[in-house]
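A.B. asks: This is the structure, below, for whatever I ask next.
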Amino acid sequence: MISTPPDLKSYKTQLRRALQNEFLATTLRTFASAYRLSRANAFEGLDATHLVEEIARGKDAAIPYLQELFEQFRSRAEAAGVKVHVARTPREANEIIASIARSNDVRKIVKSKSMTAEETFLNDHLEKEGFQVTETDLGEWIIQLRGEGPSHMVMPAIHLSRKEVAELFTGVTGEVQDPDDIAGMVQVARKELRQAYVEAHMGISGANFAVAETGTLGLITNEGNARLVTTLPPVHVAMLGFEKLVPDLRSALRILQMLPRNATGQAISTYVTWITGANQCATGPDGRKAMHVVFLDNGRLTLARDPVFAEALRCIRCGACANVCPIYKLVGGHNYGHVYMGAIGLILTYFYHGRENARAMVKNCLNCQACKSVCASGIDLPRLIREVHRKILKEEGTKPVKNVILNLVLRNRRLFHFLLRRASLAQSPVASGERVMRHLPFFFDREHEFRSLPLLAGTPLRDRWNQVNPSLENPRLRVALFGGCLVDFVYPEQALALVKLFAAHDVQLEYPMEQTCCGLPAEMMGEKETARQVALQNLHSLDMSRFDHILTLCASCGSHLKESYPRLLEGEGDAEPMVRGMVEKVTDFSSFMINVLQVSPRQFQEGGAKTAYHSPCHLCRGLNVTGEPRELLTLAGLEYTPSRDEDVCCGFGGSFSVDFPMLSAEILREKLDHTEDTGADVLVTDCPGCVLQLRGGLDKRNSSIRVKHMVEIIAEQKKW
Ligand code: SF4
Ligand code: SF4
């Protein structure tokens, strides 16, 4: 049985241990890079976005009717000789299967891969009941021999090296296995497993689909083992969750088109098996196979009625959300999930395996949106992770001190800004040079030393605004600047560069003084009510009738205003139409320069610095802005030099980098290595949070690479 630490302290210890596993880091890093490429190739010529939308629509249409689809499946399947069971709990499912085994005089069982069976810990139960169970998927067999759970939903043994597998197989065969002879080790598995198929009295499988219209099960595999498991023994039991029900074959085929491409970057998996009814079987009772299908509820039918979380049931278990997750890539599935891993694991653990197992783990998310961008069924995974976090806080009734302080301070703009001004005065003992802390404040430990931290600005932007912002006569456009805390209180120079640029382009910039933090930190800490209150405050401060655009230099603020405000302020009367108006006007700097001002190369100097670019998560995935920043860099005369994994997170994630410094440091290290590989003199990005992380990391390396916000480098390149 697996156990996941319920408290943050032990969970962090587990993470530190995982970070020391060099093999894991190398393997997962290599896999993540290869996956991105092969996924892109596999989708070539296909409209992946449309396919995701179709799958999401189909799933959303089916989820409210799972009970009806089940009845339809049951009547068709039973008419074809199948016995259909319902298990309300994992224990019930395990007992149903054990009793089927007992009533058929089963002793030996072969099993093909099933995450649902992992969810119920079926093997443990059957073995305790005296049955001999053999996993037949190669990866599953390996982890069974080791007494472990899977570390990936599709590649369960990805965490193991050839050497470890060779040692394991040496133990099984009694003969020394050569770790470099992969074909030889596959032969070992084949020989052992073939014998198990022949001797088995019962086969247990999962299923990818249960087609209600025909009572058909669909299984997708690469090794062909599921075919042997479901055909050779006289008894076949399939166990699956209710969410695998689809109305018709067409819906299943749509998912089939997606699943292998999104899971492993294959255009099609090697085997697709369709089973309708208990077919002929020479060794079966009456010459037919005894076939049973066990549907597991374990909260699914309640989840299906949940207005927030029903979306999680769209999951088709492709594993892509783990493949692209920067945290999974560092620590692997045993440390980033309970039974289900990756982004969906952080959500399902709470529902299927309880609060204790989810409590610490659910905080371990950067909100980088990488999982959402590849999800086969368009689940808004980062949002659901935050919702689980919020639910846990609410259920437990006691809040961490930092949440209490955050709520108190963030809801009161004047208090918040007063405290920031005071903090700016108090920071001189830790100041080093002009802008960086000489040593970290006492509440940070050594793990936080992977980056330098900036000092708060001596005078925040809002206190300088009236002196620095010119009033233009008959400007061509009026733009409200949404500063965000970092631009206002740490990097006002970014806004000052914008002021200068816009004046030259005859754009009147204004800074509505009642604006405050966008509220994303509150949302990230599970404080939705605080997030809602600051959203309302900001909405009222940005008088939409006065502005043609709302521009933010912070990608996270922009994405939060655009994506989250409509949801946070849903049903707020007057606020709803105001939000709609606001969302249309929110823009980022690069898009504004390219699409609105339509700047041209003749407005910029030639021969700019060799420049690398870091694409902020909330710009490239949150706001879907990818082309404009790169176009702007080139157009402004800079020598743009692409770096590896440009759109992978820098590891900042707001409070994430404070809560999980060891992970933030590792993600940053890789990002900076890729930047240094380009030989660039400047690293440009469009988010002050990323500037903080990247500049702080490079400062610790004593690197000569300068980090600039896009607006600063563009202002420098402008011909005045
Ligand atoms: S948002 Fe990013 S860090 Fe969080 S689960 Fe998704 S991929 Fe992982
Ligand atoms: S949540 Fe999405 S990406 Fe993750 S396993 Fe499920 S379908 Fe695949």
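Positions in the sequence shown are counted from 1; adding 11 to them yields our numbering.
The beta-carbon is built from N, C-alpha and C at its ideal position, and this holds for glycine as well.
(1) Going by DSSP, which residues form a beta bridge with Q519?
(2) Would you say N115 faces chain B, with C-beta separation under 8 Å as the test?
(3) Note down the Cα distance separating R473 from D499, rounded to an integer number of angstroms.
(4) What three-state label does DSSP hand I279 in the structure shown?
(5) Report the start-end ranges of each beta strand (DSSP E) in the region 348-377 that is 3 residues or longer and not cut off at the edges.
(6) Identify, in the order they occur along the chain, each residue of the same chain with its Cβ nearer than 7 Å to the Cβ of A586, setting aside the five sequence neighbours on each side.
(7) Measure from the alpha carbon of V63 to the alpha carbon of each residue in G353, L267 and H364, then state which is nearest.
(8) Just to confirm the assignment, what range does the beta strand (DSSP E) spanning D599 have?
(9) Do the CB positions of R462 and K719 come within less than 8 Å of each other?
(10) Going straight from the alpha carbon of R370 to that of P393, what length do you get?
(11) Please classify Y576: does DSSP put it in a helix, a strand, or coil?
(12) Strictly closer than 7 Å from CB to any heavy atom of ligand 1: give me those residues in the order they appear in the chain.
(13) From the DSSP output, in three-state form, read off A301 for me.
(14) For T227, which residues from the same chain have a beta carbon less than 6 Å from its beta carbon, with the 5 sequence-adjacent residues on both sides left out?
(15) Please indicate yes or no: does the CB of M164 lie closer than 7 Å to some heavy atom of ligand 2?
(16) Apart from the five residues just before and just after V415, which ones in its own chain have a Cβ nearer than 6 Å to its Cβ?
(17) Helix, strand or coil for S162 per DSSP?
(18) Let me make sure I understand the geometry here. Which of K122, Y351, N290 and V490 has the alpha-carbon closest to that of A237?
(19) Is it right to say R632 is buried, meaning 16 or more other beta carbons lie within 10 angstroms of its own, or is it exposed?
(20) So A333 packs on H163, CB below 8 Å; how close in whole Å?
(21) Where in the region 665-718 do unbroken runs of the beta strand (DSSP E), each at least 3 residues long, occur, reported from the N-terminal end onward?
(22) Going by the beta-carbon positions, is the gap between A506 and L492 smaller than 8 Å?
(23) From what residue to what residue does the alpha helix (DSSP H) around T181 run?
(24) Quick one: grab the DSSP three-state call for S216.
(25) Do S439 and A468 have their C-beta atoms within less than 8 Å of each other?
(26) Could you tell me the distance, in whole angstroms, from the CA atom of G708 to the CA atom of A274?
(27) At the level of alpha carbons, what is the spacing between M352 and N346?
(28) Is there at least one non-hydrogen atom of ligand 2 closer than 7 Å to the beta-carbon of A387?
(29) Determine, using beta-carbon pairs with one atom in the region 235-255 and one in the region 300-312, whether at least three such pairs fall under 8 Å.
(30) Could you check whether L137 and I154 sit closer than 8 Å to each other, using their CB atoms as the reference points?
(31) With a threshold of 7 Å, establish whether the CB of G330 neighbours any heavy atom of ligand 2.
(32) Could you tell me the alpha carbon to alpha carbon distance between L488 and L553, rounded to whole angstroms?
(33) Does the beta-carbon distance from G700 to S570 come in below 8 Å?
(34) Going by beta-carbon coordinates alone, are K217 and A128 separated by less than 8 Å?
(35) I169: beta carbon under 7 Å from a heavy atom of ligand 2?
(36) Could you name the residues of the same chain whose beta carbon sits closer than 7 Å to that of L157, not counting the 5 residues immediately before and after it, in chain order?
C.D. replies: This is what the structure gives:
(1) Residue pairing by DSSP places Q519 opposite R489 in a beta bridge.
(2) Protein chains in the displayed structure number just one, and chain B is not present.
(3) When the Cα atoms are used, R473 and D499 turn out to be separated by approximately 6 Å.
(4) Collapsing the DSSP output to three states places I279 in coil.
(5) Fully enclosed beta strand (DSSP E) runs of 3 or longer: not present.
(6) The residues are L547, L550 and L580.
(7) The residue from G353, L267 and H364 with its alpha-carbon nearest to that of V63 is L267.
(8) Unbroken beta strand (DSSP E) run through D599: V597 to D599.
(9) Their beta carbons are not under 8 Å apart, which means R462 does not touch K719 by this criterion.
(10) Roughly 16 Å between the two C-alpha positions.
(11) Helix.
(12) The answer, residue by residue, is C332, V335, C336, P337, I338, Y339, G353, A354, L357, C376, L377, N378, C379, Q380, A381, C382, K383, L392, P393, I396 and C660.
(13) A301: strand per DSSP, three-state reduction.
(14) If we look at T227 and ignore the five residues flanking it on each side, its Cβ neighbours are W285 and T287.
(15) M164 Cβ: within cutoff of ligand 2.
(16) Taken in chain order, the list of residues that qualify is empty.
(17) S162 falls in the coil class under three-state DSSP.
(18) Here the closest residue by C-alpha is K122.
(19) Per the 10 Å Cβ criterion, buried.
(20) Taking 8 Å as the upper bound for CB-CB distance, A333 and H163 are in contact here, some 6 Å apart.
(21) DSSP runs (the beta strand (DSSP E)) wholly in the region 665-718: 693-696.
(22) Yes, Cβ-Cβ distance for A506 and L492 is below 8 Å.
(23) T181 -> alpha helix (DSSP H) spans R173 to T184.
(24) Of the three classes helix, strand and coil, the one that applies to S216 here is strand, per DSSP.
(25) Taking 8 Å as the Cβ cut-off, S439 and A468 do not qualify as a contacting pair.
(26) Each residue's alpha carbon lies about 33 Å from the other.
(27) In a straight line, the C-alpha of M352 is about 8 Å away from that of N346.
(28) Short note on A387: C-beta closer than 7 Å to some heavy atom of ligand 2.
(29) Of all C-beta pairs linking the region 235-255 to the region 300-312, three or more are shorter than 8 Å, placing the two stretches in contact.
(30) No, they are not a contact pair.
(31) G330 Cβ: within cutoff of ligand 2.
(32) Inter-residue distance for L488 and L553 is about 16 Å (C-alpha atoms, whole angstroms).
(33) Going by C-beta atoms, G700 is not nearer than 8 Å to S570.
(34) According to the sequence provided, residue 217 is Gly. The question's Lys does not apply to it. In this structure, A128 lies closer than 8 Å to G217 by Cβ.
(35) Incorrect: I169 has no Cβ contact closer than 7 Å to ligand 2.
(36) For clarity, residue 157 is Arg in the given sequence; the question names Leu instead. So the list reads L179, once near-sequence residues are dropped.
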